[in-house]
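Each step along the sequence shown adds one to the number in numbering that gives the first Met the number 0, with nothing skipped, and position 58 is 57.
For each residue, glycine too, the CB sits at the ideal point set by N, CA and C.
In this text the structure is predicted, and so the values were computed from the model without any measurement.
To start, the structure itself, in structure tokens.
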Amino acid sequence: MIDLDFLRSLIQAIDESSLDSIELERGGTRIRLAKTPPQSAAPAAAPVAYAAPVPAPAP
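Here you go:
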């Protein structure tokens with residue numbers, strides 16, 4: 000079993016490093032930690048309504 004202090008130190012180490020994931024096995028327990036990039040929520044553009052063309056008057 001992996002103790003909580005060891006797990007916390009792994010989380011902190013990966014958070015402060017350029018690694019994006021780590022996998023290890025210790026004492027019969029295997030764990031994998033992976034960073035996920037922050038997702039920026041960009042607002043969706045509102046649909047644009049166009050007016051229908053008006054026919055020109057007959058001469």
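A direct Cα-Cα distance of roughly 11 Å separates Ile30 from Ile10.
With a contact defined as Cβ atoms closer than 8 Å, Leu6 and Ser20 miss out at about 15 Å. Bounds of the beta strand (DSSP E) holding Ala33 are Thr28 to Ala33. Ala12 and Ala50 have their alpha carbons spaced roughly 58 Å apart. The alpha-carbon of Glu22 is positioned some 52 Å away from that of Ala48.
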